[in-house]
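The sequence shown begins at 25 in the numbering used here and counts up one residue at a time. Just so you know, even glycine gets a beta-carbon here, dropped at the ideal spot from N, CA and C. The structure appears below as structure tokens.
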Amino acid sequence: MKLTIIGTGYVGLVTGACFAEMGSQVTCVDIDKKKIDSLKQGVLPIYEPGLEKMVRENMQDGTLQFTTCLAEAAEDCQIFFIAVGTPPGENGSADLKYVLEVARQIGRHMTDYAVIVDKSTVPVGTADQVAQVVKSELSCRDVNLTFDVVSNPEFLKEGAAIRDFLKPDRIIVGVNSDRAAKVMRRLYAPFSMNRDKMIFMNVRDAEMTKYAANAMLATRISFMNEIATICEQLNVDVENVRKGIGSDTRIGFSFIYPGCGYGGSCFPKDVRALIKTAADIGIHPSVLAAVEERNNRQKHVLGNKIKSRFGSDLTGRSFALWGLAFKPGTDDMREAASIVLLSDIITAGATVKAYDPVAMSQAVREIPDKWLDTGQLALMDDPYQVLENTDALILVTEWKAFRQPDFKRMRKLMKKTILFDGRNQYDPEEVTEFGFEYHGIGREIQHSGPQ
25 MKLTIIGTGY
35 VGLVTGACFA
45 EMGSQVTCVD
55 IDKKKIDSLK
65 QGVLPIYEPG
75 LEKMVRENMQ
85 DGTLQFTTCL
95 AEAAEDCQIF
105 FIAVGTPPGE
115 NGSADLKYVL
125 EVARQIGRHM
135 TDYAVIVDKS
145 TVPVGTADQV
155 AQVVKSELSC
165 RDVNLTFDVV
175 SNPEFLKEGA
185 AIRDFLKPDR
195 IIVGVNSDRA
205 AKVMRRLYAP
215 FSMNRDKMIF
225 MNVRDAEMTK
235 YAANAMLATR
245 ISFMNEIATI
255 CEQLNVDVEN
265 VRKGIGSDTR
275 IGFSFIYPGC
285 GYGGSCFPKD
295 VRALIKTAAD
305 IGIHPSVLAA
315 VEERNNRQKH
325 VLGNKIKSRF
335 GSDLTGRSFA
345 LWGLAFKPGT
355 DDMREAASIV
365 LLSDIITAGA
375 TVKAYDPVAM
385 SQAVREIPDK
395 WLDTGQLALM
405 DDPYQVLENT
415 DALILVTEWK
425 AFRQPDFKRM
435 RKLMKKTILF
445 DGRNQYDPEE
455 VTEFGFEYHG
465 IGREIQHSGP
475 Q
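Dropping the structure here:
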């Protein structure tokens, strides 16, 4: 099948590469010429395990190509995927200007019946707007072409996107015609060989399903973070509580890990957008509002713990930071807890040395220049180098490389052996045996002796 993917960000690149991997002829389109030129050289704008190799191999095989010209890609195209960004507006709503502009371009250049797929996360009713825009452009051309708009939301976890796409647990497809359903079933046939993973529904149902899924996962995270806050005040170890409730098959262990808040390009934006959608129809989404409020507060938890330990004025204090990305397996720093933490402690006068296995280049773009220019923040290439002569280590992102560090080596490098564990990655008893003072999330402070 001949596919055109408009947008070469995270969703567009993964979608294009995976469909090409299964034999479709895929053209990815983007208006950013510099990005397209880099992609043609096999240089990707994002980090995702396995993606670069897949892109290069399919380019070499001729199943995947890149262009800035939608008119060229639209020739005889059967399926258009809209995979551009929907950034949040000032009021929290999803900004559809890029989605609707792509719809205009499709209407101007499509040459035959086509299925137009909303792959971007969009509010309920967006497919109707896309259809209206395409119809308007076809009318201006005085061309009588039929088309269908489909909602096919992505459910990709950054760091595991290739696996999620190639081996999905479900494929949600919102359609309003049998013809579109038949096209989509044929497209996804290679991904449903062992069982039928496709769930068909109407378009508006599919649009809502995406938001509801992300909101539910965000709710579990915020719920557990709230429980952790209560546990901490009651001298209860939240990790034991987590194991206890997770063992209940009705609850399970997914997304109930306490930490320093969720981030990334999906959960924060989608929760806000759903809150705005509810408000627009006269509903106060009290649960969703609480989810967002708890997450916003959770991102300040580490900064508050540090100030509680060292005082509100951190002038003269130096800290090591492990992890900048919002989660392991990605270089994405959008709405990362690390940025909030850095702001909290740098504003209080601290200096910070930071390391991340993947996100260092991204950090230069995301972090305020003044922190780097003034020397309040230094980005370093070695996790142990950042520890030298510091008052404490702060773990923000639970990369595998940080799971079993050399605590003896760390003790020799650090001025004070204090550890703030923002993801409850370490065993407090083990850490204190090595002479560290331990501060976790929802756990009693563990002392090793005078610091």
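If histidine 324 and valine 364 are in contact, beta carbons under 8 Å, what's the gap, nearest whole angstrom? 6 Å
Measuring CA to CA, which of Arg318, Gly306 and Ala302 is closest to tyrosine 286? Arg318
At which residues does the beta strand (DSSP E) containing glutamine 153 begin and terminate? Here glutamine 153 belongs to no beta strand (DSSP E); instead the alpha helix (DSSP H) covers 150-165.
Distance, Cα to Cα, valine 62 vs glycine 183? First, the amino acid is wrong: residue 62 is serine here, not valine. Near 22 Å, if we compare the C-alpha coordinates of glycine 183 and serine 62.
Hey, out of Leu312, Phe171 and Leu27, whose CA is closest to phenylalanine 105's CA? Leu27
Integer Cβ distance of asparagine 176 from asparagine 200, believed to fall under 8 Å: Not quite, the Cβ-Cβ distance comes to about 13 Å (not below 8 Å), so this is no contact.
Under three-state DSSP, which class holds valine 260? coil
Whole-number beta carbon distance between isoleucine 30 and leucine 88, since they are thought to touch under 8 Å: No, leucine 88 and isoleucine 30 are not in contact; Cβ-Cβ is about 15 Å, not under 8 Å.
Own chain partners of valine 139 with C-beta closer than 6 Å, once the 5 adjacent residues on each side are dropped: Ile103, Asp172, Val174, Ala204 and Val207
Collapsed DSSP secondary structure at aspartate 406 in the structure displayed: coil
Between the Cα of tyrosine 122 and the Cα atoms of Tyr137, Val262 and Asp142, which residue gives the shortest distance? Asp142
Less than 8 Å between the C-beta atoms of glycine 459 and threonine 441, yes or no? yes
C-alpha distance - arginine 296 paired with isoleucine 186, whole-angstrom precision: 27 Å
Going by other Cβ atoms of all chains shown within 10 Å of its Cβ, with 16 needed for buried, is isoleucine 469 buried or exposed? exposed
When burial is assigned at 16 or more other CB atoms within 10 Å of the CB, is glutamine 84 buried or exposed? exposed
Determine, using beta carbons only, whether tryptophan 346 and proline 407 come nearer to each other than 8 Å. yes
Does the stretch 216-234 touch the stretch 261-276, meaning 3 or more C-beta pairs lie closer than 8 Å? no
Tell me tyrosine 286's beta-bridge partners as DSSP assigns them. Looking at the DSSP assignment, tyrosine 286 forms no beta bridge with any residue, so it has no partner.
Applying the 10 Å Cβ sphere with the 16-neighbour rule, what's the burial state of aspartate 368? buried
Run through DSSP, which three-state label would cysteine 52 get? strand
With DSSP run on the structure shown, which of helix, strand or coil describes threonine 375? strand
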